[in-house]
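Numbers given in my numbering equal positions in the sequence shown, counted from 1, plus 7. Glycine included, every Cβ here is placed at the ideal spot set by N, Cα and C.
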Amino acid sequence: MNAVVFDWPPATRVDRAISKTEVLARAGKPSGLRERLTRELAEISWACKLATTTLNLPPGGLPEFQVFRLRLKPGVATASEPLLRAIDLAIPSPLLFEVTGDAGICTVGAPKRASAASPGKQVLGAYIASPWVDAGTARHPLPVALDLAGLHQALLRDLVPLAGRRGETLDALLARLAAVRLAERDGARLQARLRAETQFNRKIQINQQLRDAQRQLAQLRDPGE
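Written out as structure tokens, the structure reads:
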């Protein structure tokens with residue numbers, strides 16, 4: 008899994024604090040948001056704006072995207088997905104989050120697109136997160152891209168804990184990641200059943216199912232498939 012914290016160009020930096028009241032107003036006060044903001048976050052800031060005006064890149068269909076920095080309260084392990092989604096959907100452009108806390112720093116993001124069914128609304132995919140690293144870890148330069156849309160996709164790709172296959176789109180890579188996570192859960196469930204089973208014949212059947220699941224998982228992880 009990639010341990011990625013990006014080195015944002017100085018021209019993109021905004022570094023403006025965002026109040027929790029402002030987040031609530033923009034998000035439309037979804038259920039539980041006030042409690043999550045209070046319980047999980049010490050501070051929210053708008054760290055960077057990546058746009059045609061701050062980077063020498065054409066839009067490529069994406070005029071801009073933002074980086075928000077979330078500082079967790081002491082003792083809070085991570086920002087919950089409902090909290091991330093509420094903040095994300097309150098902002099029209101795509102977001103990347105830099106989350107800082109007791110464990111260090113990590114980068115989190117999700118694909119985001121306009122809803123075809125509901126004009127003015129956004130659709131979020133599943134979140135991808137880098138591992139936690141020490142806050143003083145050297146930052147990675149931004150990936151090379153021809154436009155802002157390509158840069159955003161490349162940043163998300165760098166967070167995915169799978170090597171991409173030749174010609175694989177981001178959507179296909181994320182679908183494969185979802186299949187890997189499902190296969191991992193299935194494997195863990197079968198291992199638990201195998202440990203608990205006392206009948207020899209049933210153990211043989213479950214063990215065969217586990218081997219099949221492990222082969223499927225290996226195929227899904229293989230970048231050469």
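Note on V30: 16 or more other CB atoms within 10 angstroms of its CB, so buried under the neighbour-count rule. Proximity to L102 across R92, A195, G108 and A110 peaks at R92, based on C-alpha coordinates. Note on geometry: alpha-carbon atoms of L62 and D154 lie some 9 Å from one another. For Q215, the enclosing alpha helix (DSSP H) stretches over residues F207 to R228. Around the CB of G35, fewer than 16 other CB atoms lie within 10 Å, so the residue is classed as exposed. For I94, the enclosing alpha helix (DSSP H) starts and ends at E88 to L96. Under the three-state reduction of DSSP output, T28 falls in the helix class. Secondary structure at E50: strand, using DSSP grouped into helix, strand and coil. Note on geometry: alpha-carbon atoms of S52 and A124 lie some 31 Å from one another. Taken through DSSP and simplified to helix, strand or coil, D22 comes out as strand. The shortest C-alpha to C-alpha distance from Q221 to any of E191, R209 and R43 is the one to E191.
Our two residues, P99 and L131, have alpha carbons roughly 11 Å apart in a direct line. Note on G143: under 16 other CB atoms within 10 angstroms of its CB, so exposed under the neighbour-count rule. Burial check for V106: the Cβ neighbour count within 10 Å reaches 16 or more, so the residue is buried.
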